[in-house]
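Colleague:
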DNA sequence: CGGGCTTACGGTGTGCGTAAATATC
DNA sequence: GATATTTACGCACACCGTAAGCCCG
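Residue numbers (this note's numbering), protein chains in the order written: chain A, 1 to 93; chain B, 94 to 186.
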């Protein structure tokens, strides 16, 4: 269960395609494919339904997607918090 | 901003020492030291106050700690969700 | 001396990119 | 032929463990 895997899932859902997710994540398609595949392999569930025109989350994928969104969002906030701390830190003489 | 770094921060705060965190995380002390150091280096803030008898989170460390706890907790829930999906998935003929 | 943190060094594993293959329209 | 996904291969980076050093009681 790695972050980049959850991020991949989130972006795939957001764009409706692995290609689009790859663009957003600034990585190549195979990287995203492997990320979700590892995730599916890890939990033993098909997270995406592969269609010729793209992909759609399965019910299980959608369920995990909600969790993934929260994790990514909170991680984002953590990064923001660290930046804020960086701003107020210099005053801690 | 990696998960294991946040996890390290959480466990350090929980145990009050890098040594204790290492034990909980089933890794060695240097690994934990480097994890928090990388985190500090990344956000440019001293997260821990090093004392001879152990370490104590700084104000900035405490702030990030709250976020870190949330991230770790949510990630935990994500893993649990995947297990649940695994349980209900086989019925999706 | 003992306990705890840090630094340096080497190995191993993982994630990424490139290249090639398959399927649909 | 174009688009989208998947698989295979090789590489670079990051994490971890071991070993050695430093500080304080």
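All residues carry an ideal CB built from backbone N, CA and C; glycine is no exception.
Check whether chain A comes within 8 angstroms of residue 88(B), counting only Cβ atoms and requiring the distance to be less than that.
Modeller: Nothing about residue 88(B) can be reported from this structure: the residues present for chain B run from 94 to 186 only.
Colleague: Express the C-alpha separation of residue 108(B) and residue 147(B) in angstroms, rounding to a whole number.
Modeller: Cα-Cα distance, rounded: 10 angstroms.
Colleague: Go through its chain and collect everything with a Cβ distance to residue 112(A)'s Cβ below 7 angstroms, but skip five positions before and after it.
Modeller: A query on residue 112(A) cannot be resolved here, the shown segment of chain A reaching from 1 to 93 and no further.
Colleague: So that I know if they touch, is there some Cβ in chain B lying closer than 8 angstroms to that of residue 10(A)?
Modeller: It does not; no Cβ of chain B falls within 8 angstroms.
Colleague: Do residue 141(B) and residue 154(B) come within 8 angstroms of each other at the CB atom, strictly closer than that value?
Modeller: Contact flag set, yes.
Colleague: Does the distance from the C-beta atom of residue 10(A) to that of residue 69(A) stay below 8 angstroms?
Modeller: Going by C-beta atoms, residue 10(A) is nearer than 8 angstroms to residue 69(A).
Colleague: Can residue 117(B) be considered in contact with the ligand MN, in the sense that its beta carbon sits closer than 7 angstroms to one or more heavy atoms?
Modeller: The ligand MN is not part of this structure, which contains no ligands at all.
Colleague: What separation, rounded to the nearest whole angstrom, lies between the Cα atoms of residue 106(B) and residue 100(B)?
Modeller: Going by the C-alpha atoms only, they are around 10 angstroms apart.
Colleague: Please tell me whether residue 71(A) and residue 171(B) are closer than 8 angstroms, where the distance is taken between their beta carbons.
Modeller: Taking 8 angstroms as the Cβ cut-off, residue 71(A) and residue 171(B) qualify as a contacting pair.
Colleague: Output the distance between the C-alpha atoms of residue 113(B) and residue 83(A), rounded to the nearest integer angstrom.
Modeller: The alpha-carbon atoms of residue 113(B) and residue 83(A) are separated by roughly 28 angstroms.
Colleague: How big is the Cα-Cα spacing for residue 127(B) and residue 26(A)?
Modeller: Residue 127(B) and residue 26(A): Cα-Cα distance of roughly 27 angstroms.
Colleague: What residue ranges within the segment 107–163 of chain B form continuous beta strand (DSSP E) runs of no fewer than 3 residues, ordered along the chain?
Modeller: Segments of the beta strand (DSSP E) lying fully in the segment 107–163 of chain B: 141–144 and 147–150.
Colleague: Which of the three DSSP states is assigned to residue 95(B) in this structure?
Modeller: Here residue 95(B) sits in coil by DSSP.
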